[in-house]
Each structure stands twice: as C-alpha cells, then as structure tokens.
Amino acid sequence: MLGISRNQDDRPPIILPITIILYISSLFMPFFFVFLLQGFFFFSRENWYFTAPLSAYLSFAAGIIVIAISLTVYLIVKARTEKRIVSLIVMIGFLVSIPLFVAGTNNYYYLNDKGIHYHYLLKMDKDVYAWDEISKVKEVYKVRQGTTYLKELIFYTNDGSSVTLPNDHKYTVNRWKVTEKLEEYSVVIEGNSLEAEEE
4 MLGISRNQDD RPPIILPITI ILYISSLFMP FFFVFLLQGF FFFSRENWYF TAPLSAYLSF
64 AAGIIVIAIS LTVYLIVKAR TEKRIVSLIV MIGFLVSIPL FVAGTNNYYY LNDKGIHYHY
124 LLKMDKDVYA WDEISKVKEV YKVRQGTTYL KELIFYTNDG SSVTLPNDHK YTVNRWKVTE
184 KLEEYSVVIE GNSLEAEEE
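Just so you know, the sequence shown maps onto residues 4 to 202 in the numbering used here.
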C-alpha cells in the first residue's frame, strides 16, 4: 500500500515539469517539428523552394499548448475529481491536439515549373495556381522608417482567385525564376510604390 501511495504522490512532480516544458517549448519547438515533418513528407527536388506560413507554426504551437493545458487541469482537479473524469480530460486534450498538429504539418506552399502550390491551413487539398493561369501580379510596397521596401506579392488568376506570397529570403533567392515564368506568359506586374503605406 505504501508503494502505491508513493507512486501516486510522485506523479504530480513528474507531470508539473513536463507541463512547464510544454508551455515553454510551444514558443520554439513548432519551428523544428514543422520543418522536420514537412521535409520528410513533402520534400521534392523539383520544387524551387518549399516553406511554411506562420499559420503552420501557430497551429502546431496550439497543439502543444492544448496538451499543456490538459495536464494543468489534471494537476488542479486530480485531488477533487473522480479519476476517470480526470483521465478523460487529459485524453480529450491529446485528441484535440492531433488535428492541430496535422493541420500545421499540412500548411505549406512551394513553387516549381508548374506554378504556385498552396495548402491552406483549413483545407483538405492544396490549391494550384499554374503559371499560365496567372493574369497579373501586384507588388505591395510598405514604408518603414522612411525606407520603401517590397513586402509581398499578390498573384491573381484568370478566374479571380489570388494567392499572396511574402517577399522573404527564399523568394528573393528564387525571384529570377518567378520573373522568368511571368515573362514567358506575358503576365503584367503592377506596383503600389507611389501609394506606399507607413508601417
């Protein structure tokens, strides 16, 4: 009996540091896991570049936080609630986190010779914006501390849909490939540099 009691008493001290670690790791672990999982499942040498939007990391972080919250609830109510109910709360937390992890892993976009491929966070299938379907591109400029810079690009298709890509390092490196494709299909590139907004 003493052995059982001691094991039960030891459980909260183990769960407490795990819970704290989960809260802290939710700030940086999503970047590692999303990069690792997406590279494993979706990597292809045909892609110019492959990256995940911020929403992918936020979704993965939310999954970690949900688990941490369920363990926090366990620590708070375990002494005052029936064991079966407490276990159910923890189980629900883990089940809720799974679709958040899956959604985060499946949220990405990449560019290749065929076009822009974007898998949005809450969609089952990815959207494909073929280069020959793009009608125009709008370059969105912003002003920061008196300096005008290219923030993002909006690609419009013939059917009226659009996709926005940030002007990040990966895009900058591959910009010449995008420009080459746009010129191939005579796509008009518009800018708003004269209407640049102060950030």
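Glycine residues also receive a C-beta, built at the ideal position from the N, C-alpha and C atoms.
Which residue wins for smallest C-alpha separation from residue i, given the options the options?
| i | options | result |
| --- | --- | --- |
| Lys-173 | Gly-118, Lys-86 and Ala-55 | Ala-55 |
| Tyr-123 | Ile-137, Val-89 and Val-166 | Val-166 |
| Ser-58 | Tyr-52, Tyr-77 and Val-37 | Val-37 |
| Ala-65 | Phe-45, Leu-78 and Ser-28 | Ser-28 |
| Leu-114 | Asn-50, Leu-30, Ile-157 and Ile-24 | Asn-50 |
| Ser-100 | Ser-62, Leu-156 and Tyr-159 | Ser-62 |
| Phe-34 | Phe-158, Thr-108, Arg-178 and Gly-163 | Thr-108 |
| Pro-169 | Lys-184, Asn-161, Gly-149 and Lys-145 | Lys-145 |
Taking buried to mean at least 16 other C-beta atoms within 10 Å of its own C-beta, is residue i buried or exposed?
| i | result |
| --- | --- |
| Thr-182 | exposed |
| Phe-41 | Here residue 41 is Gln; the residue named in the question, Phe, does not match the sequence. Buried: at least 16 other Cβ atoms inside 10 Å. |
| Asn-110 | buried |
| Tyr-152 | exposed |
Leaving out five residues before and five after residue i in sequence, what residues of the same chain have Cβ atoms less than 6 Å from its Cβ?
| i | result |
| --- | --- |
| Leu-74 | Ile-18 and Thr-22 |
| Phe-53 | Tyr-113 |
List the residues that DSSP assigns as beta-bridge partners of residue i.
| i | result |
| --- | --- |
| Lys-173 | Answer is none; Lys-173 lacks a bridge partner. |
| Ser-165 | Tyr-159 |
Cutting at 8 Å between CB atoms, please list the residues of its own chain near residue i, excluding the five before and the five after it.
| i | result |
| --- | --- |
| Asp-171 | Thr-54 |
Considering only residues of the same chain and omitting the five flanking positions on each side of residue i, which have a CB-CB separation below 7 Å?
| i | result |
| --- | --- |
| Val-76 | Ile-92 |
Open item on the list: Does the contact criterion of 3 or more C-beta pairs under 8 Å hold for the region 131-140 versus the region 184-193?
Closed with: yes
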